[in-house]
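K.L.:
Quick one: this structure, given as structure tokens, is what I'll be asking you about.
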Amino acid sequence: MSDVWNHRADLAQRSIDHYFAAPGDQLFNNWHPLEPGDNDVFNYWWLAHAVDVRIDAYLRTSDPERLEQARRIHDGILRRNGGALFNDYFDDMLWLALATLRLAGATGESALYGEAVELWEHVLDQGWNDHEGGGIAWRVSQPYYKNTPANAPFVILSARLHRHTGERRYLEQARLVMDWLERTLVRPDGFVHDGVNRQEDHAIDEDWRFTYNQGLYVGACVELARALGPGLGEEDDLYLARAARTARTAIAELGVNGVFAAEGEGGDEGLFKGVYYRYARELVEAAEVPEVTAFLLGSTEHLWRSCGRDGLVLASEQWDRPPRAKVPLSAQLSAAMATEVCAALTSPRVHSPGHR
45 MSDVWNHRAD LAQRSIDHYF AAPGDQLFNN WHPLEPGDND VFNYWWLAHA VDVRIDAYLR
105 TSDPERLEQA RRIHDGILRR NGGALFNDYF DDMLWLALAT LRLAGATGES ALYGEAVELW
165 EHVLDQGWND HEGGGIAWRV SQPYYKNTPA NAPFVILSAR LHRHTGERRY LEQARLVMDW
225 LERTLVRPDG FVHDGVNRQE DHAIDEDWRF TYNQGLYVGA CVELARALGP GLGEEDDLYL
285 ARAARTARTA IAELGVNGVF AAEGEGGDEG LFKGVYYRYA RELVEAAEVP EVTAFLLGST
345 EHLWRSCGRD GLVLASEQWD RPPRAKVPLS AQLSAAMATE VCAALTSPRV HSPGHR
């Protein structure tokens, strides 16, 4: 089984290039097949996940070309962003920070660590405010709107920086933001709402039911458990229990026919599943949750059976059916993430601190 998933992971990486590779700084087309205007949007946060996907391949294979690909994507993001790390979306910047921290772990380059810290400091300084009792805003122009996609990645990044540096400030901020997130957007059964006060009415967007919110909270819990470590009472076990609860609830509420239901066709939604798979993997490697492991493997098997094409894979928005006429890069990245997760879960591997 491990050989099958390892081979598929290679094919998933190859499929990204086959269907989406673009010349020059573009690096990847936003859609396949490409139509006029499809590349007009600079998808900064999609590309941050592309960095992560190439690092996944490097850690699995030790192929230096995969690491160089990750570096090229990182550098391309900065060039296309006018040489700047920052943009107007705090969640986007946190995705880049998380990918950059992993790239730093894989290369050992101190400048990359410095970028991750600079992004963390910028988000905390500009994104945290007292609207809705605290939390990180989604973007600069809506300081009153707080959501899981901005707050949970901040917890993950903070916890990882604490583990890397030992500095208490990172752990303190991680716990502060986590407390706000749990108090505001996590239901008693573990289901995680998307956001609050989007329309300045203090309402929670309960109808926005997305897999990536569940995955992000799972990841935040796991990283806090790791940062706290054993010896601090039962708090680390409590966070892992919360992560398992949310991972199970997500499958129960968002799953259909053994896969996650389609979440939209706008483009961004294509990445939501991949975020869940990435952080659900962290959970099942930290604690035994057999039903979550079974879902990760089984649903990705559906992907390969339904979306396999000429020896490669072209993702659909729901993995028990073939893709429609147009596929976004975001969905293809999710397919690669999930396949890398399955390769990791079925193959003995040695993890280096900071690389995951």
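My numbering applies: residue 45 is where the sequence shown begins, and numbers increase by one.
Note that beta-carbon positions come from the ideal geometry of N, C-alpha and C, so glycine has one too.
Hey, would you say residue 355 sits closer than 7 Å to residue 289, going by beta carbons?
P.N.:
In this structure, residue 289 does not lie closer than 7 Å to residue 355 by Cβ.
K.L.:
Taking the beta strand (DSSP E) that residue 182 belongs to, which residues open and close that run?
P.N.:
181-183 is the span of the beta strand (DSSP E), which, as asked, contains residue 182.
K.L.:
Helix, strand or coil, according to DSSP, for residue 396 in the structure here?
P.N.:
Because residue 396 carries a pLDDT of 39, less than 50, the predicted location of this residue cannot be relied on, and the following value inherits that uncertainty. Of the three classes helix, strand and coil, the one that applies to residue 396 here is coil, per DSSP.
K.L.:
What are the start and end residues of each continuous alpha helix (DSSP H) run of 4 or more residues lying completely inside the stretch 278-317, in chain order?
P.N.:
With a minimum length of 4 residues, the continuous alpha helix (DSSP H) runs that stay inside the stretch 278-317 are 279-298.
K.L.:
In whole angstroms, give me the CA-to-CA distance for residue 63 and residue 90.
P.N.:
Their backbone Cα atoms lie some 16 Å apart in a straight line.
K.L.:
Count the other CB atoms within 10 Å of the CB of residue 158; is the residue buried (16 or more) or exposed (fewer)?
P.N.:
It is exposed - the Cβ of residue 158 has fewer than 16 other Cβ atoms within 10 Å.
K.L.:
Which residue or residues does DSSP assign as beta-bridge partners of residue 76?
P.N.:
Looking at the DSSP assignment, residue 76 forms a beta bridge with 371.
K.L.:
Can you check the stretch 324-366 for any alpha helix (DSSP H) of at least 4 residues that lies completely inside it and give the ranges in chain order?
P.N.:
The qualifying runs are 334-351.
K.L.:
Cα-Cα, which of 236, 307 and 320 is closest to residue 256?
P.N.:
The residue with the shortest Cα to Cα distance from residue 256 is 320.
K.L.:
For the candidate residues 239, 161 and 172, whose alpha-carbon lies nearest to that of residue 201?
P.N.:
Taking only the C-alpha atoms, the option nearest residue 201 is 161.
K.L.:
Can you tell me whether residue 177 is helix, strand or coil according to DSSP?
P.N.:
Of the three classes helix, strand and coil, the one that applies to residue 177 here is helix, per DSSP.
K.L.:
For residue 114, which residues from the same chain have a beta carbon less than 7 Å from its beta carbon, with the 5 sequence-adjacent residues on both sides left out?
P.N.:
95, 98, 99, 102 and 147.
K.L.:
Using only alpha-carbon positions, find the residue among 304, 372, 263 and 190 that is nearest to residue 249.
P.N.:
Selected option, being the one with the closest Cα: 190.
K.L.:
Can you check DSSP and say which residues form a bridge with residue 1?
P.N.:
Residue 1 cannot be examined here, being either before or after the span of the chain that is shown, 45 to 400.
K.L.:
Have a look at 311, 365 and 309 and flag the residue whose alpha-carbon is nearest the alpha-carbon of residue 303.
P.N.:
That would be 365, whose Cα lies nearest to the Cα of residue 303.
K.L.:
How would you label residue 388, buried or exposed, when you count the other beta carbons within 10 angstroms and need 16 or more for buried?
P.N.:
Its Cβ being crowded by 16 or more others within 10 Å, residue 388 is buried.
K.L.:
If you follow the alpha helix (DSSP H) that residue 45 is in, where does it begin and where does it stop?
P.N.:
No alpha helix (DSSP H) holds residue 45; DSSP gives it neither H nor E.
K.L.:
Please state whether DSSP places residue 172 in a helix, a strand or coil.
P.N.:
Reduced to three states, the DSSP call for residue 172 is strand.
K.L.:
Starting from residue 193 and walking both ways along the alpha helix (DSSP H), at which residues does that stretch end?
P.N.:
Start and end: 192-209.
K.L.:
Based on DSSP bridge pairs, tell me the residues matched to residue 236.
P.N.:
DSSP, once it has assigned bridges, lists 230 as partnering residue 236.
K.L.:
Assuming residue 129 and residue 140 form a contact by the criterion Cβ under 8 Å, report the distance between their Cβ atoms to the nearest whole angstrom.
P.N.:
At roughly 7 Å, the Cβ-Cβ gap stays under 8 Å, so residue 129 and residue 140 are in contact.
K.L.:
Taking the alpha carbon of residue 312 as the reference point, which residue from 292, 348, 373 and 328 has its own alpha carbon closest?
P.N.:
The shortest C-alpha separation from residue 312 is found at 373.
K.L.:
Alpha carbon to alpha carbon, how far is residue 217 from residue 152?
P.N.:
Answer to the nearest angstrom: the Cα atoms are 25 Å apart.
K.L.:
Just confirm the distance between the C-beta atoms of residue 318 and residue 118, as a whole number of angstroms; I'd bet it's less than 8 Å.
P.N.:
Contact flag wrong, Cβ pair sits at about 18 Å.
K.L.:
In this structure, how does DSSP classify residue 143 when only helix, strand and coil are distinguished?
P.N.:
Three-state result, residue 143: helix.
K.L.:
Checking 7 Å against the spacing of the C-beta atoms, do residue 42 and residue 120 come in under that value?
P.N.:
Past the boundaries of the shown model lies residue 42; the chain is included only from 45 to 400, so the question cannot be answered.
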